[in-house]
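Participant:
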Amino acid sequence: MIHSLLIYGANGYTGRLICERAALLGLKPILAGRNGEEIRELALTYGWEYRVFGLDTPEAVAEKIHDVKVVLHAAGPFMYTAKPMMEACLLAGVHYLDITGEIAVFEMAARRDAKAKEAGILIMPGTGFDVVPTDCLALYLKQQMPDATRLQLAFVGQGGGVSRGTAGTMVEGLGKGGAVRVNGQLQHANFGQNSLTVPHPAKTFFAISIPWGDITTAYHTTGIPNIETYMGFSRRMYGWIKLMPYFNWLFRFSWVKKYIKKSVTGNRPGPSPQQRANGRSLVWGRVFNDKGASTQAWLITKDGYTLTAITSLMIAQRVLQGDVKPGFHTPAGLYGAELIMEVEGSERG
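Position in the sequence shown (from 1) plus 1468 gives the number in our numbering.
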């Protein structure tokens, strides 16, 4: 029997939000993860099937997923978990989606384009807040200025918070620096090396350069060769960030990472329902061409976690309905710049 959808990491903070959304949509996914007790309890809550397995080897994982059409992978940090699941999907002929925002994962996925086409599957990382809204805005800007050669993207969350899983991914990346794309090539850059004041109509905010997934995805989506990504940040904290290159060695210690993770989230698994309901995300972008002209655009959309649950399942449903093309693809690259506008409450200008 061929099942439709398997959600791996369903018991995590974002995984649970995806499950809530799936239930509202009338979907009946298989829930999966390595924590048997939590997965079993969650599956019983919804009356859904479940499977308990780790990601030890692609071959073992392929045995667990061979009878599903789509895997929605929600268990990070993806720098550790994406490869075995992606390889398992290639072996089993199963479409692969995830919610990462990590450049290394997008680069790894892009290198598997030929294998994915041969296997007849879609590989699409970044189906959540990372990177759907920014990817769609990048393509929208490219459509406004077809000869653009430089792209800046920035975002900030208002009224939300950070989950333990997101904090874990962020902390694991500390000490590794940032990245930009120059003349089509990835280049190392210090975290926060550049800054700018973003003139978003909803709020002008200060932002610093970070290694966001669009450094890779926007390049594949638009072909623009020079890309920088920014996140809203406190000016006061920026002074400390600029000192980070001198302390990168410190982030190699596990106890330092554990301390920072706890400091970021406390004992909360993630933002409360009220925080998410009151939160929103501001996204902004600007493109330049070689003649010195530029144009800007912006988005206002839901908070990052709510948006991730909506867009990841929106894309999963499209794949299940046959709206799919084998190979590595980005969300906007396959489904267009208007994808984000299908999310209720999204505004663009």
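We put the beta carbon where it would ideally sit given N, CA and C, even for glycine.
Going residue by residue through the segment 1596 to 1633, where are the continuous alpha helix (DSSP H) segments of at least 4 residues, counting only ones entirely within it?
Facilitator: The qualifying runs are 1600 to 1612.
Participant: Taking a contact to mean a Cβ-Cβ separation below 8 Å, would you say A1578 touches T1684 in this structure?
Facilitator: As a working note, residue 1578 is residue 110 in the sequence shown. As a working note, residue 1684 is residue 216 in the sequence shown. Closer than 8 Å, so yes.
Participant: From what residue to what residue does the alpha helix (DSSP H) around G1801 run?
Facilitator: Within the sequence shown, residue 1801 is the residue found at index 333, counting from 1. G1801 -> alpha helix (DSSP H) spans 1799 to 1803.
Participant: Cβ of R1484 within 7 Å of any heavy atom in the ligand COA?
Facilitator: By its list of ligands, the structure shown contains no ligand whatsoever, and the ligand COA lies outside what it can speak to.
Participant: For the structure I just gave you, are there three or more beta carbon pairs, one from the segment 1525 to 1533 and one from the segment 1549 to 1558, closer than 8 Å?
Facilitator: Short answer: they touch.
Participant: Determine the direct distance from the alpha carbon of V1539 to that of I1567, and round the result to whole angstroms.
Facilitator: Within the sequence shown, the letter at position 99 stands for residue 1567. Within the sequence shown, the letter at position 71 stands for residue 1539. So the two alpha carbons sit approximately 11 Å from each other.
Participant: With K1583 as the anchor, note down where its alpha helix (DSSP H) starts and where it stops.
Facilitator: The residue you call residue 1583 lines up with position 115 of the sequence shown. Counting along the chain, the alpha helix (DSSP H) containing K1583 begins and ends at 1581 to 1587.
Participant: In terms of residues, what are the limits of the beta strand (DSSP E) holding P1667?
Facilitator: For the purposes of this step, residue 1667 is identified with residue 199 of the sequence shown, where counting begins at 1. From DSSP, the beta strand (DSSP E) with P1667 extends over 1663 to 1668.
Participant: Using DSSP bridges, identify the partner residues of R1754.
Facilitator: By 1-based counting over the sequence shown, the position of residue 1754 is 286. BP columns for R1754 point to Q1620, Q1764.
Participant: So, is E1696 buried or exposed, given that buried needs 16 or more other C-beta atoms within 10 angstroms?
Facilitator: Here residue 1696 refers to the residue found at position 228 of the sequence shown. Answer is buried; the Cβ neighbour count reaches 16.
Participant: What's the C-alpha gap between L1775 and T1769?
Facilitator: Position 307 of the sequence shown, counted from the start, is the residue given in the question as residue 1775. Position 301 of the sequence shown, counted from the start, is the residue given in the question as residue 1769. Distance between the alpha carbons of L1775 and T1769 is about 8 Å.
Participant: Within 10 Å of its beta-carbon, does L1565 have 16 or more other beta-carbons around it, so buried, or fewer, so exposed?
Facilitator: If you number the sequence shown from 1, residue 1565 lands on position 97. By the 10 Å Cβ count, L1565 comes out buried.
Participant: Is N1694 helix, strand or coil when you go by DSSP?
Facilitator: Mapped onto the sequence shown, residue 1694 falls at position 226. Note: N1694 maps to strand in three-state DSSP.
Participant: Along the chain, where does the alpha helix (DSSP H) containing T1672 start, and where does it finish?
Facilitator: Position 204 of the sequence shown, counted from the start, is the residue given in the question as residue 1672. Careful: T1672 lies outside any alpha helix (DSSP H), inside the beta strand (DSSP E) at 1671 to 1677.
Participant: Quick check on F1659: does DSSP put it in helix, strand or coil?
Facilitator: Numbered from its first residue, the sequence shown carries residue 1659 at position 191. Three-state DSSP puts F1659 in coil, outside helix and strand.
Participant: In whole angstroms, what separates the C-alpha of K1551 from that of A1530?
Facilitator: What you label residue 1551 is simply residue 83 of the sequence shown in a count that begins at 1. What you label residue 1530 is simply residue 62 of the sequence shown in a count that begins at 1. Cα to Cα, K1551 sits roughly 12 Å from A1530.
Participant: Out of curiosity, what's the CA-to-CA distance linking A1784 and I1808?
Facilitator: Counting from 1 along the sequence shown, the entry for residue 1784 is found at position 316. Counting from 1 along the sequence shown, the entry for residue 1808 is found at position 340. Their Cα atoms are separated by approximately 15 Å.
Participant: Helix or strand or just coil, what does DSSP make of G1818?
Facilitator: The requested residue 1818 does not occur in the structure, where the chain is confined to residues 1469 to 1817.
Participant: Per DSSP, what kind of secondary structure is V1811 in: helix, strand or coil?
Facilitator: Along the sequence shown, read from residue 1 onward, the residue named residue 1811 stands at position 343. Coil.
Participant: Spatial neighbours of D1615 within its chain, please: CB distance less than 6 Å, with the 5 preceding and 5 following residues excluded, ordered by chain position.
Facilitator: Counting from 1 along the sequence shown, the entry for residue 1615 is found at position 147. Taken in chain order, the residues that qualify are N1757.
Participant: Kindly indicate the opening and closing residues of the alpha helix (DSSP H) around I1567.
Facilitator: To locate residue 1567, count along the sequence shown from 1; it is residue 99. Taken as a continuous stretch (DSSP letters only), I1567 belongs to no alpha helix (DSSP H), as it is neither H nor E.
Participant: Does the beta-carbon of E1570 have 16 or more other beta-carbons within 10 angstroms, so that it is buried, or is it exposed?
Facilitator: Taking the first residue of the sequence shown as 1, we reach residue 1570 at position 102. Label assigned to E1570: buried.
Participant: Return yes when the Cβ of G1681 is within less than 8 Å of the Cβ of V1599, no when it is not.
Facilitator: Position 131 of the sequence shown holds residue 1599. Position 213 of the sequence shown holds residue 1681. Taking 8 Å as the Cβ cut-off, V1599 and G1681 qualify as a contacting pair.
Participant: Note the first and the last residue of the continuous alpha helix (DSSP H) segment covering V1648.
Facilitator: By 1-based counting over the sequence shown, the position of residue 1648 is 180. Where V1648 is concerned, there is no enclosing alpha helix (DSSP H), although the beta strand (DSSP E) it sits in stretches over 1646 to 1650.
Participant: Does the Cβ of M1592 have 16 or more other Cβ atoms within 10 Å, making it buried, or fewer, making it exposed?
Facilitator: Taking the sequence shown and counting its residues from 1, the one referred to as residue 1592 is at position 124. Classification of M1592: buried, given that the 10 Å Cβ count is 16 or more.
Participant: Could you compute how far the alpha carbon of Q1626 sits from the alpha carbon of L1485?
Facilitator: Your numbering for residue 1626 matches position 158 in the sequence shown. Your numbering for residue 1485 matches position 17 in the sequence shown. Their backbone Cα atoms lie some 19 Å apart in a straight line.
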